[in-house]
Amino acid sequence: MLRAVFLLVMILAVGCSGGQAATAPTSPTSSTGVAPVTNTAADTPTITISSSGMTPLELTIRVGQRVTFVNNDIRAHDVVGGIDPSHPDCPEIVQMGFLSPGQRRNTGVFTTARACDYHDHTMLSVPAFQGRIIIK
Amino acid sequence: MQASGVSRRLMAVVLGVVCSVAPALAQDAAHQHEATSPGGWQWAVDSRAFVGYNYQKREFTDFDEVESQNWVMTALSKTFARGSRLHFVGMFSAEPWTLRAIGSPQVFQTGETFEGAPLVDYQHPHDLFMNLGGHFTQPVGATSVTVSAYAVGPAPIGPPAFMHRASAADNPQSPLSHHYLDATHVTPGVVSISVERSGFGLEVGAFQGLEPDEDRLDLDTAALDSFSARLSWAKGPWQFQISGADLKTPERKSPYDAQRITASASYYKGDERRSIAWLAAFGQNRETFGNLKAYLFEATRRSGHNSFYARAESVAKDILDAGFHPIGSTHTHRQSQVGALTLGYLRTLSSRSFGAIGVGGDFTGYLVPDNLKESYGSPLSFHVFVRLSGKAGIPISHH
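Chains as they are written, first to last, in our numbering: chain S, 1 to 136; chain G, 137 to 535.
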């Protein structure tokens, strides 16, 4: 009996796996189906992280806005303000940090007109993972 | 060389089966004995493959995978008139094809890189060449002296690698403490010498400290720039070891050296049909960014066709700062003490002199520290799998 149960589980599992190594996080939600509380209003500018890099690499926003980072990759990313770890900058971005696959998080409110560079701590020196937010 | 989708899954199944139907050695290193009588060349093959379904429930995105963890170990040895022995080992894995290049999804697993970035939440595939080398043992009275040289092989630190441990033989997952205890089982370039007497052993070795690169099909070559020593004692079913290593830039994402210390106690009693095996181990990586500790306990109980296994771990991970660090960047990493408990069962369906087939499954729950709760929530994982093992030739020790 036990043997039959395990065989059935194996067959169902293999048959239903869908062939994806990881479920593409195209619609990030929490496990309960509820959007994380850190989500912002719909008009918040968004930067999407995928396996090929950040999109867009350069984003222009208004003073007083936040930016939402969404990790659509199958691996974690770590968004940090500044062009590299030796030049930390823009505390609004520094508070971003670690993003699991599917996770989205907001920056702080940008209160000063300036340009903020940021980089992915896990993909250092990869241009596709280094971007800039221009606050006007 | 990568495959994806249906073709990769089929390849996982086919290669997993091929790996295991190859004739092989005894299943458990813990109760193997080395040939000691003089004679001609003797050979042996040992293999194991898990082919199964891996499901990882995460906070934002679940992961699932059909995959195979597998290896084949071949050995060739000759014992000479005065008891000296020459022994060659070749160990291979098809994981470069049966796992995705990024590896097997596993919550909180770390170690090595993919596309230049540190791996987080994935167990890396093992290289095609896991062991390639040999050793020569010369008895001197009641003492035996062994000189080893491997193009790829185990550095003398830590307990035996998880895939060689009787306490982990039925568990397809790598321990979260793998890179704190036994990750140097696949070290590119190792020379060592060991002395053994009355169950006491002392080994010292020089090896390449840098972890394997992302090319899973090549042989990495570099200077033997790291050193380790291991003191061990074995008596009856008990084995103990303490060891330490000075590792030259072990991580590709960091320009800094590290030290590793480990201690373990293990117990094995029984035979292939009925046995109890367990291991308790401690490992610590001493890095520029902080000291990371790992505690591991695992056990396997076999009784006839039934095998029950468990693994409990508490491991300090620096996931939140797992990025690259140029020279001069030496800030202390934030640590996250994660916990994992795995309970599993394997049912052997058929067992013959040349191998066995069984089906099994396991479930893992995790303790998530406060600083990871927002990103990880309450993850869970389970595996269901077919386990194939094969053996042929004389039993020869894995080490």
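Virtual Cβ for every residue (Gly too), placed ideally from N, Cα, C.
Remember, predicted model here, so these are calculated numbers, not experimental data.
Sequence-distant Cβ neighbours of VAL80(S) in its own chain, meaning closer than 8 Å and more than five residues away, are PRO88, ILE93, VAL94, MET96, GLY97, TYR118, HIS119, ASP120 and HIS121. Within chain G, the residues GLY459 and PHE460 have their CB atoms less than 7 Å from the CB of LEU124(S), given in chain order.
By the Cβ neighbour-count rule, GLU347(G) is buried, with 16 or more other Cβ atoms within 10 Å of its own. Residue SER51(S) holds the alpha-carbon nearest to the alpha-carbon of PHE129(S) among ARG104(S), ASP43(S), SER51(S) and LYS136(S). Against chain S, a Cβ distance below 8 Å from LEU524(G) picks out nothing, because the smallest value is about 13 Å. According to the DSSP assignment, ILE49(S) belongs to the beta strand (DSSP E) that extends over 46–50. Identification of chain S residues near ILE397(G) by a Cβ-Cβ cut-off of 9 Å yields none; the smallest Cβ-Cβ distance measures about 28 Å. In this structure, PRO290(G) sits away from VAL340(G), with a CB-CB distance that is not shorter than 8 Å.
CA-to-CA, the gap between GLU434(G) and MET227(G) works out to about 24 Å. Below the 8 Å Cβ cutoff, chain S contributes SER31, SER100, PRO101 and GLY102 as neighbours of ARG194(G), in chain order.
Taking the CA atoms as reference points, HIS321(G) sits about 13 Å from VAL225(G). By the Cβ-count criterion, LYS527(G) is buried, with 16 or more other Cβ atoms from all chains shown falling within 10 Å of its own Cβ. Judged by DSSP in its simplified three-state form, GLU339(G) adopts strand. Using a Cβ distance threshold of 8 Å, ASN427(G) and TYR316(G) do not count as a contacting pair. Between PHE490(G) and GLU408(G), the alpha-carbon positions lie close to 13 Å from each other. Rounded to the nearest whole angstrom, the CA to CA distance from PRO261(G) to SER310(G) is 11 Å. Boundaries for GLU510(G): no beta strand (DSSP E) harbours it, while the alpha helix (DSSP H) harbouring it runs 509–512, taken from the DSSP string. If you look at THR111(S), you'll find it isn't in any beta strand (DSSP E); DSSP assigns it neither H nor E. Interface with chain S (8 Å Cβ-Cβ cutoff): TYR512(G) is included. Here PRO127(S) is exposed, its C-beta having fewer than 16 other C-beta atoms within 10 Å. Residue burial is scored here from C-beta neighbours: LEU482(G) has at least 16 other C-beta atoms within 10 angstroms and is therefore classed as buried. Of all residues in the segment 405–433 of chain G, none is placed with a Cβ closer than 7 Å to any Cβ belonging to chain S.
Around the beta carbon of PRO386(G), 16 or more other beta carbons sit within 10 angstroms, so the residue counts as buried.
When DSSP states are grouped into helix, strand and coil, LEU383(G) belongs to the strand group. Taking the C-beta atoms as reference points, ASN190(G) is found nearer than 8 Å to PRO241(G). The segment 210–220 of chain G and the segment 270–278 of chain G touch, with three or more beta-carbon pairs separated by less than 8 Å. By the CB criterion at 8 Å, GLY480(G) and GLY459(G) fall outside the cutoff. Within the same chain, Cβ atoms closer than 7 Å to the Cβ of PRO505(G) are found at SER472, GLN473 and VAL474, the five residues on either side in sequence being excluded.
A straight line joining the alpha-carbon of ALA76(S) with that of PRO373(G) spans about 43 Å. Interface flag for ARG66(S) against chain G is unset, since no Cβ pair is found closer than 8 Å. Taking LEU485(G) as reference, the option from GLY440(G), ALA476(G) and PHE499(G) with the minimal CA-CA separation is GLY440(G). In summary, GLY102(S) is buried, with 16 or more beta-carbon neighbours lying within 10 Å of its beta-carbon over all protein chains present. Under the DSSP assignment, PRO254(G) falls in the beta strand (DSSP E) whose first and last residues are 253–259.
Proximity to SER390(G) across LYS136(S), MET123(S) and ILE135(S) peaks at MET123(S), based on C-alpha coordinates. Contact residues of the segment 220–240 of chain G toward chain S are ARG236 and ILE238 (C-beta to C-beta distance below 8 Å).
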